[in-house]
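> Before anything else, here's the structure in question.
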Amino acid sequence: MPELPEVETYRRYVEQHAFRQKISRVTVQDLRILSGIKPLHLTRALKGGIFTTTVRHGKHLFVRCSRGAWLHLHFGMSGDLCYYDSSEEPPRFARVTIHFSRGTALAYDDMRLFGRVGLSENPAKTIHERGLGFDPLDPALGKRRFLTILKPRRGAVKALLMRQDLVAGLGNLYVDEILFQSGIHPRKPMQTMGDSQLEKIFRSMKRVLRATIDRKQRGLRHPSRFLIPHREEGACCPRCDGSIERIVVAGRTTYFCGTHQK
DNA sequence: TTCCATGTTCCGCA
DNA sequence: TTGCGGAACATGGA
Numbered sequence: 017m018p019e020l021p022e023v024e025t026y027r028r029y030v031e032q033h034a035f036r037q038k039i040s041r042v043t044v045q046d047l048r049i050l051s052g053i054k055p056l057h058l059t060r061a062l063k064g065g066i067f068t069t070t071v072r073h074g075k076h077l078f079v080r081c082s083r084g085a086w087l088h089l090h091f092g093m094s095g096d097l098c099y100y101d102s103s104e105e106p107p108r109f110a111r112v113t114i115h116f117s118r119g120t121a122l123a124y125d126d127m128r129l130f131g132r133v134g135l136s137e138n139p140a141k142t143i144h145e146r147g148l149g150f151d152p153l154d155p156a157l158g159k160r161r162f163l164t165i166l167k168p169r170r171g172a173v174k175a176l177l178m179r180q181d182l183v184a185g186l187g188n189l190y191v192d193e194i195l196f197q198s199g200i201h202p203r204k205p206m207q208t209m210g211d212s213q214l215e216k217i218f219r220s221m222k223r224v225l226r227a228t229i230d231r232k233q234r235g236l237r238h239p240s241r242f243l244i245p246h247r248e249e250g251a252c253c254p255r256c257d258g259s260i261e262r263i264v265v266a267g268r269t270t271y272f273c274g275t276h277q278k
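Each residue of the first sequence is one higher than the one before, starting from 17 at the first, in my numbering.
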């Protein structure tokens, strides 16, 4: 599930549930989920502390521990967080579990193991090292800067919007959604795009992400006017009388409306 | 049994 | 240098 709106939801989930309680124990159920650290490093960095701050950048989540280090989470294709009572059954694919002295626990659950759990000295440093671009919801990313980043590039607009070094946080689902709402074909070459079309993408991007985060927060699904609930070949377009087509762009399954996306 | 999957990275080729 | 296609990673669900 995890693209930017999902990771933002996890960030709020951590603040809501896992703050203000002492970390009593850390369990690593599967070593393959760790990035560049050993279980002992993780335990040393967290045990005895409390979580105090969160930072999200794109699809990356950082959680500061009062002992100084930041827990760094990336969710891959199937990562998830689950806060539960230790007396209950842990999630099926729990890979790392952080236990609190109150008798509760936060599990990092990831069926497919594409995600990673690590430590960071500080988020800014890690963001720089990973070469991540602006977060789409960063107020510093205005439309002028957005145009400056994308305009000189060549290639299909969808491929460029998915690049984490240009803008960090968009993935397959939400890029399709943004282009659907902008009325732009996912294969359209950047070189053929005018300023007004890029501005349209910029506005759709902020609107789609904000609306999705807000609805997730309230436990609601995607609006039926979104493409996301209609990701099926031959489905009726919820915006015009066209039908949804399925193609491959940048190696990823892509859904779009052949009628209103040009 | 086969195909597919909301992510990332690496490799070879143009 | 840049962009692209394909493969790999690991696993379960349809």
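We put the beta carbon where it would ideally sit given N, CA and C, even for glycine. Bear in mind the structure is a predicted one, so any value in this text is a computation, not a measurement.
Using a 10 Å radius around the Cβ and a threshold of 16 neighbouring Cβ atoms, would you call C273 buried or exposed?
Buried: at least 16 other Cβ atoms inside 10 Å.
> Quick check: the Cα distance between S117 and I66, rounded to an integer number of angstroms?
Those two C-alpha atoms are separated by around 10 angstroms.
> Counting only runs that start and end within the stretch 88-170, where is the alpha helix (DSSP H) found for 4 or more residues in a row?
Fully enclosed alpha helix (DSSP H) runs of 4 or longer: 139-145 and 159-166.
> Less than 8 angstroms between the CB atoms is what I'm expecting for G131 and G95, so what's the real figure, rounded?
Sure, about 4 angstroms apart at Cβ, within 8 angstroms.
> Beta-carbon within less than 6 angstroms of N188's beta-carbon, same chain only, minus the 5 sequence neighbours each way: which residues are those?
Counting only Cβ-Cβ distances below 6 angstroms, and skipping sequence neighbours, we find R268.
> Are the Cβ atoms of K101 and R111 separated by less than 8 angstroms?
Checking the sequence shown, residue 101 turns out to be Asp, not Lys. The answer is no: Cβ separation not under 8 angstroms.
> Would K159 pass as a contact of F78 if the rule is Cβ separation under 8 angstroms?
It is not a contact, given that the beta carbons lie outside the stated cut-off.
> For the beta strand (DSSP E) containing V265, list its first residue and its last residue.
Segment I260 to V265, the beta strand (DSSP E) holding V265.
> Which term fits L47, buried or exposed, when burial requires 16 or more other beta carbons within 10 angstroms of its beta carbon?
Classification of L47: exposed, given that the 10 Å Cβ count is below 16.
> Between R247 and S259, what straight-line distance do the alpha-carbon atoms span, to the nearest angstrom?
Cα-Cα distance, rounded: 11 angstroms.
> Determine the burial state of V44: buried for a count of at least 16 other Cβ atoms within 10 Å of its Cβ, exposed for fewer.
With 16 or more Cβ atoms within 10 Å of its Cβ, V44 is classed as buried.
> Counting only runs of 4+ residues fully inside the stretch 45-74, write out the alpha helix (DSSP H) ranges in chain order.
With a minimum length of 4 residues, the continuous alpha helix (DSSP H) runs that stay inside the stretch 45-74 are 55-62.
> Assign R80 to one of three DSSP states: helix, strand, or coil.
In the structure shown, R80 sits in a strand (DSSP, three-state: E or B).
> Excluding sequence positions up to five away, which residues of its chain have a Cβ less than 8 angstroms from the Cβ of T270?
So the qualifying residues of the chain are K174, N188, D192, P202, R262, I263 and V264.
> Between the stretch 161-180 and the stretch 210-217, are three or more C-beta pairs nearer than 8 angstroms?
Touching, yes.
> Quick one, which of F196, P55 and L122 has its alpha-carbon nearest H33's?
Here the closest residue by C-alpha is L122.
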